[in-house]
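Scroll down for the structure; my scribbles are underneath it.
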Amino acid sequence: MKIVLIALSITLALAGPILAGEKCAVPLKEWQPRESLQRKLEGEGWNVRSIRSGDGCYEAHAVDSSGNAIEAYFDPKTFKPIDQKD
């Protein structure tokens, strides 16, 4: 029983840093320009306030066509949405 508890403790201790990693893992040389993401979002009716780098992703602060404030994260290579907070 002690061995099982020790093994479980080690597994949980090692999993923490892995789970706390960056949301996006794209090398910087593969990132598309911020301006391209801004044009894409504006084409979808968003009023983009700012685009920053955060957690390895692009972090966009915008207002959508309905007037809702949005904080959204995008893969910097594909512009695929990763996470969104309304």
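Per mature numbering (1 follows the signal peptide of the UniProt record, and there is no 0), the sequence shown runs over residues -20 to -1, 1 to 66.
Think of the CB as a built atom: it goes at the ideal place given N, C-alpha and C, for glycine as much as any other residue.
All values derive from a computational prediction rather than experimental measurement.
Would you call residue i buried or exposed, if buried means 16 or more other Cβ atoms sit within 10 Å of its Cβ?
i   : result
P56 : buried
A5  : exposed
L17 : buried
L21 : buried
Is residue i helix, strand or coil by DSSP?
i   : result
S16 : helix
K9  : helix
G47 : coil
G36 : coil
Would residue i and residue j be called neighbours here (beta carbons separated by less than 8 Å)?
i          : j   : result
E39        : E24 : no
residue 68 : D66 : A question about residue 68 goes unanswered here, because the residues of the chain that appear run from -20 up to 66.
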